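Numbering (numbering that gives the first Met the number 0), first residue to last: 0 to 347.
By construction, the Cβ of each residue, glycine as well, lies at the ideal position given by its N, Cα and C atoms.
What you are looking at is a predicted structure, and each value in this text was computed from that prediction instead of being measured.
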Amino acid sequence: MFDLNSKFNTFYRDHVVLSRDEQNQLNEKRRLNIARLESGLSDYNLQKNTSYKIVDTIVQGSMAMHSITQRDNNQYDIDIAIIFDKANIPGDTNRVKRIVAEALKKKMGTFNTKPKVKTNAITIEYAEGYHVDFAIYRRLADNNGDYKYEHCGAYWNPRDPRAITNWFNNQNENNGNLRKVLRLLKMFCKSRSDWSMPGGLVLSVLSSECLSSDPRLDITFYKTICAIRDRLNRSHEVYNPIASKVSLLFDSKDKREVTNLSTELTKSIAELDILFAGNCAETQAMHAWNGFFKHDYWSNLAENAESSLVHMKDKKSESGSLMVSLFVLGAAAIGGTLWLIFKGNREK
0 MFDLNSKFNT
10 FYRDHVVLSR
20 DEQNQLNEKR
30 RLNIARLESG
40 LSDYNLQKNT
50 SYKIVDTIVQ
60 GSMAMHSITQ
70 RDNNQYDIDI
80 AIIFDKANIP
90 GDTNRVKRIV
100 AEALKKKMGT
110 FNTKPKVKTN
120 AITIEYAEGY
130 HVDFAIYRRL
140 ADNNGDYKYE
150 HCGAYWNPRD
160 PRAITNWFNN
170 QNENNGNLRK
180 VLRLLKMFCK
190 SRSDWSMPGG
200 LVLSVLSSEC
210 LSSDPRLDIT
220 FYKTICAIRD
230 RLNRSHEVYN
240 PIASKVSLLF
250 DSKDKREVTN
260 LSTELTKSIA
270 ELDILFAGNC
280 AETQAMHAWN
290 GFFKHDYWSN
300 LAENAESSLV
310 HMKDKKSESG
320 SLMVSLFVLG
330 AAAIGGTLWL
340 IFKGNREK
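Listed below in structure tokens is the structure:
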């Protein structure tokens, strides 16, 4: 495979991984919204003469797994689990979600949109593009003093709010390339605005199942996406990594997104075939990766490389013309000298 690994690593480092400043901004929004909810809940309790209290908060999703990628439109998801003691809140899931939504409303005066009550979370949408999802959990200590958790969805469902993050971190420790490959796959999935692709958990599971390993990151990624393509050709089903009999595809939309991934990966991988041609030029390799990621980094790289080639050809052409001119002038000078000598000899 044509070796663009150095430039591939630059792409990953400078255009895929979230900068420290951007990470700090997301963490600040996380802290701000937790404080907003706690303050709103305090006001709610005063108004309703209740005593609801959040006993713990846990970062979830791509923030917890450190797999967030750069996004031009700030479409970042901030996932937060909020934990209540089971005895402290109502048993009805819809009522609990309404309580959390009303508490948030009390501290969202400047927002154009109000909190959205969804089946599995309460969502806050920022005008800049950020999304904050509050997933609600309740906990109950068992006889050993260990907490058991239940998630608030359509009904209370046993679920450990840390389990997915722990699974991913363990998988990444086994092969340090998992997080890198996942970030790169996410970049591919959001490279076209009209694509509807699977969410981070589905991509994490597929990346973990199919992960390859090579000293070169470009080869590692290529082999992994080929394995994902082949895996999806066999089956589109994707299961929860901590509950192996539970599908992650809940509805027709989820299934359609996996189908889209399979289709677009197959087409895009085929366009990378040029990388294996014996006469593949560097600019061709750059264009191939640009066709895959549709990112300015690759298009600018190819454009600059082509400009350099044209400049070098012009330089060579100018150098060649200069040599011809010097040769002609030299020949003319020699010819003139010989003529003068010949003429002088005749006059003698």
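- Apart from the 5 residues on each side of it in sequence, H130 sits with its Cβ closer than 8 Å to the Cβ of Q74, Y75, D76, I77, T122, I123 and E124 in its chain, given in chain order.
- CA-CA distance, W297 to I98, rounds to 48 Å.
- Taking 8 Å as the cut-off, the beta carbon of A134 is found no closer than this to the beta carbon of A86.
- About 11 Å separates the Cβ atoms of A304 and N289, ruling out a contact at the 8 Å cut-off.
- Between F83 and R137, the gap from beta carbon to beta carbon is short of 8 Å.
- Taking a 10 Å sphere around the C-beta of Q46, we find fewer than 16 other C-beta atoms and assign the residue as exposed.
- Within its own chain, the residues whose Cβ lies closer than 8 Å to the Cβ of R29, once the five positions on either side in sequence are excluded, are V58, M62, I77, I79 and V131, listed in chain order.
- Shortest Cα-Cα distance from K115 to any of I67, S307 and K104 involves K104.
- In the DSSP assignment, the residues bridged to D78 are Q59 and D132.
- In this structure, V257 lies away from F220, with their beta-carbon atoms at least 8 Å apart.
- A distance of 8 Å or more separates the beta carbons of E263 and A287.
- Residues T219 and K222 of the same chain have their beta carbon placed closer than 8 Å to that of D213, with the five preceding and five following residues left out of the count.
- In this structure, the alpha-carbon of N176 lies about 15 Å from that of A226.
- Counting along the chain, no alpha helix (DSSP H) covers C279, and no H or E run does either.
- Sequence-distant Cβ neighbours of K254 in its own chain, meaning closer than 7 Å and more than five residues away, are H235 and L248.
- Per DSSP, W166 is one residue of the alpha helix (DSSP H) stretching across A162 to N173.
- Shown here, H286 sits in a helix according to DSSP, grouped into three states.
- Take A140, set aside five residues on each side of it, and the residues of its chain with a beta-carbon closer than 6 Å to its own are Y146, in chain order.
- At a Cβ-Cβ threshold of 8 Å, R35 and K106 count as neighbours.
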